[in-house]
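Down below is the structure, laid out as structure tokens.
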């Protein structure tokens, strides 16, 4: 009897332990998720983020007032609820009282005000998204030192007043750059070396040797606590990433735009989804010979975009325009009437990211195609960080990039060509376009705004500042043990990793 | 041949039953089918209305290529309808509530198994479709599909059917129960009529109450009137019978008096005949007063009996009369036992209770006086006759003298009483058309048996 009793107790304890292990998702090591990135984040400061890797990490460690659902529905994040005044200019947000920063302090309205003020600062790369806030100066950042557009009504209530009713602004606040940071640390220049965020994952550190970054679960997160205990963001090229995936060292290649017939899919799962993105060859109008409109138009017309798509991304949609398919503005089709001239003999360099698996093939294809048509062309394969540095400094004549949208409105992409936008990679100055964009921002009527976008897009196409290659279809690769991975039609940046888990049974078998 | 009979209620109930159940269950089935069909039709109609309502709005969103908004609408419609909603443009999925992996991929329409009510049905879904366009605007080659799962609709229809069938059946059962009650209530006057007729026939003092159904009341009234007429007829008949019996008893009296008077006449002739010797004449003269007395006694007795002739002979229970007679004699003669053997139930005999009671008391008193210890009274009933026997265990009587005693000419040893009593009893029994018979009793003494006709 005594023996039975003792064994029973051991059995019960065994079950309890087992239960705990199952609750946690057996064993902790199996809850470590490795995601491949094409580069380490170029910045951990949300207002400096204009590259995909930074935005992916930013979305893991920071939260905004709002967030996007996979189908782009606006959902509450740090803001528990929100309301808009009848004139559409005043937005009031009620913050969650249980939302905390990673240091355990409660997120307050002052933190939100400070974070959004930073987005309006002159050094902000994302200022263009927030300049509709009342008091923001379009040239130097702030109209005065105390903009009236951002007010903490109380500890948990925030009011934003806009210069004009701008419906997409709620989407801006759900975007990857509208993140909330703790006010008390913002003056610390070292803050972003070890940032304290508000997201579901907490920054853990960068291992430069392994070229990887680690984030861990934030146990006091107000929302769904992630099922993963740790995420390792491992940097590699596309080729290496596929190799690591095949050996089971990586569970996620979502950062890579794979084609549906990629070898990676011989193992693991393929999750396909459209994304709001356009691959373009950006043209810098400040660089010769692209300062000439006719040359740009000829160049734009010369590139075999459909051939390029079919060769490298056959499952992507043809780019009928600059705006990705399924978003307002994408339906604008414009036949460019160009005056045929002999291509200039100036050397033209097109920079493409080295990390792309087909970078060399792309180089050969484009060079061969354009040279046949008389262009003095050179395609330069360049590491991503260097490419982005040149992009920021507007050094490249032309460059291949993917234009991802931070919020699902044509305004986001059109803004890139606004004269006053410091991030205007094309250097285009078109007063008519500027006027149309200003008008569209103030237009609440969806259809009227859409017609303004149409005009603006026509101008953009006429200006020939982009060669629209294709609209990619994301073919996400994840390991077969990954569950809860749900793509987001805006981009891979917005994939909700709190829902992702590793099937413990599957992991054990592995 | 024996006929199996059932109550009228059962007959009506059984006659109505097949129709009642067939109609109830048939109605339940039809109503259920109707509602189930209505439920399904409603669902299809609701999907169509939703499509028609959404089409112009979705057309503007398709024109704008506003997929985020389309996804919100489609998701919202899907949640509200519990159905899959797909917007297809140029054969590719533009928006869907299902996996976003389907977006921009060719739309795979489920295989249509049959077409009904202008709607497609696959094995698992009801597929409603509408082209998305604004009137007056060019086609955008876009269509909206609402694919409602068939099973919930069938389940709803089936649930509706089962619930309605169950409710209808309950209503039918309730209706059947009420119909039974109604039949019973309807038949109540008939039952009353029946019991009234029965009561009127079997019970003398039965009081019939009026029935509120006119036809039945007329029948009841007729029966009641017939009964009264019958009673009157019976009374007349009883009176007639009594008169007839009275005449008969007169005849008997005349017959009984014939011999004594003839003897008296002969003795008077002898007494006055000079040709006869004086001894013969004296003997004849001396016997005249005795014979005259005897004649007088007979006449007196006859007179007394005739004064109490039955007025009418009604069929009544003779047992009651016997019991009362025993009780009366017992009260006076306590020393002797009077035992009785009387069957249960009534023995209906046409008689005058007061007269017959007197006859019985006479017999009982004679028996008690003669008996050593026991007097036994019994009644037997044959097919057309009731026999009342009074026996005792006394010395018995000389059978040769019985006719004389019955005629009232016998000399009783007890102040002439017995002879007179027997004669009176005999007369009463005769006046009822019966017979008084003497036998030796199995108890050792006398046994007098009254035989009366039974109805």
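Residue numbers (the working numbering), protein chains in the order written: chain H, 16 to 525; chain E, 25 to 479.
Beta carbons are placed, not taken as given, at the ideal position from N, Cα and C, and that holds for glycine.
Just measuring C-alpha positions, the residue of H/450, H/414, H/100 sitting nearest residue 298 of chain H is H/414. Under the DSSP definition of a beta bridge, residue 404 of chain E partners with E/411. The closest CA to that of residue 291 of chain H, considering only H/170, H/356, H/427, is found on H/427. In the structure shown, residue 459 of chain H adopts coil according to DSSP, grouped into three states.
Classified as exposed, residue 218 of chain E has fewer than 16 neighbouring CB atoms from the shown chains inside 10 Å of its CB. Membership of residue 245 of chain H in the beta strand (DSSP E) is indicated by the continuous run 245 to 250. When the Cα atoms are used, residue 208 of chain H and residue 61 of chain H turn out to be separated by approximately 13 Å. Bridge partners of residue 498 of chain H according to DSSP: H/516. In the assembly as shown, residue 43 of chain E is an exposed residue. Its beta-carbon has fewer than 16 other beta-carbons within 10 Å.
Listed along chain E, the residues sitting closer than 7 Å to residue 465 of chain H by beta-carbon distance are 88.
Using a Cβ-Cβ cut-off of 7 Å, residue 87 of chain H counts as an interface residue toward chain E, since at least one Cβ of chain E sits closer than that to its own. Between the stretch 309 to 320 of chain H and the stretch 419 to 433 of chain H, the count of C-beta pairs closer than 8 Å stays below three; the two stretches do not touch. Per the coordinates, the alpha-carbon of residue 399 of chain H lies some 37 Å from the alpha-carbon of residue 180 of chain H. As far as DSSP is concerned, residue 53 of chain H takes part in no beta bridge.
For residue 139 of chain E, the enclosing beta strand (DSSP E) stretches over residues 138 to 140.
Beta-carbon to beta-carbon, residue 53 of chain E and residue 189 of chain E are separated by about 7 Å, close enough to satisfy the 8 Å threshold. Leaving aside the five residues that flank residue 76 of chain H on each side, the residues in its chain whose CB is nearer than 7 Å to its CB run, in chain order, 210, 212, 214, 216, 217, 218, 230.
Shown here, residue 396 of chain E sits in coil according to DSSP, grouped into three states, outside any helix or strand.
Following the DSSP letters along the chain, one finds residue 166 of chain E inside the beta strand (DSSP E) bounded by residues 166 to 173. Straight through space, the alpha carbons of residue 453 of chain E and residue 378 of chain E are spaced by roughly 12 Å. Among the residues facing chain H, residue 162 of chain E is not included, as its CB has no counterpart in that chain under 7 Å away.
Nearest to residue 265 of chain E by C-alpha distance, out of E/205, E/375, E/359, is E/375.
Within its own chain, the residues whose Cβ lies closer than 6 Å to the Cβ of residue 426 of chain E, once the five positions on either side in sequence are excluded, are 462, listed in chain order. Residues of chain H with a Cβ closer than 7 Å to the Cβ of residue 128 of chain E are, in chain order, 289, 332, 340, 488. When secondary structure is reduced to three states using DSSP, residue 374 of chain E falls in the strand class. Residues of chain E whose Cβ lies closer than 9 Å to the Cβ of residue 462 of chain H are, in chain order, 84, 87, 88.
The beta carbon of residue 391 of chain E lies closer than 6 Å to those of 399, 414, 416 in the same chain, with the five residues before and after it left out. For residue 113 of chain H, the closest of H/124, H/105, H/106 by C-alpha to C-alpha distance is H/124. Interface annotation for the stretch 123 to 154 of chain E against chain H: 124, 125, 127, 128, criterion Cβ-Cβ distance under 7 Å. Proximity of chain E to residue 502 of chain H at the Cβ level (cut-off 8 Å) is accounted for by 124, 125, in chain order. Collapsing the DSSP output to three states places residue 300 of chain H in coil. The continuous beta strand (DSSP E) containing residue 484 of chain H extends over residues 481 to 486. Taking the CA atoms as reference points, residue 150 of chain H sits about 59 Å from residue 135 of chain E. The beta carbon of residue 91 of chain E is closer than 7 Å to those of 118, 119 in its chain, skipping five residues each way along the sequence. Of all residues in the stretch 341 to 369 of chain H, only 341, 342, 343, 344, 345, 346 place a beta-carbon less than 8 Å from a beta-carbon of chain E. Between the alpha carbons of residue 106 of chain E and residue 172 of chain E lies a distance of about 7 Å.
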